[in-house]
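Worksheet for the structure shown next.
In the working numbering, the protein residues as written are 11 to 128.
Have a look at this one:
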């Protein structure tokens, strides 16, 4: 029995990941902060006013995705929660990761927290 399919390699199946992620990480944990919708952060020097670029589908006032129910079909860059955790895209205080000691957030969240306190 070949578990790797006909080509002998493991295939990444986005649809399966989305389904598994939905089972593991239910939407009701979400605080709708919009931080998982950050797609780029630019910074010329360490912690000096990072420029944040959000997904074009995020309403930055309501913190809601305008295509939420169909986001994975319409926006190829949108990560499932499982993928976001695997690539460390979430802040450490996110309900999906806050109880994982080994989780490390991206560098820019500390800068963003410092900026919001000013």
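Just so you know, even glycine gets a beta-carbon here, dropped at the ideal spot from N, CA and C.
Between residue 123 and the set 87, 33, 45 and 106, the nearest pair of CA atoms involves 45. Per DSSP, the continuous beta strand (DSSP E) segment holding residue 61 begins and ends at 61-64. When the Cα atoms are used, residue 82 and residue 22 turn out to be separated by approximately 15 Å.
Remark: fewer than three beta-carbon pairs, one from each stretch, lie closer than 8 Å, so the region 96-113 and the region 63-77 are not flagged as touching. Here residue 35 carries a coil assignment [DSSP, helix/strand/coil].
Comparing alpha carbon positions, the residue from 30, 96, 62 and 37 closest to residue 78 is 37.
Of the residues 29, 119 and 47, the one whose Cα lies closest to the Cα of residue 85 is 47. Here DSSP, grouped into helix, strand and coil, assigns residue 48 to strand. Scanning its chain for C-beta atoms nearer than 8 Å, with the 5 sequence neighbours on each side dropped, one finds around residue 97 the residues 89, in chain order. Its Cα nearest to that of residue 95, the residue 28 stands out among 28, 20 and 18. The Cβ atoms of residue 119 and residue 105 lie no closer than 9 Å to each other.
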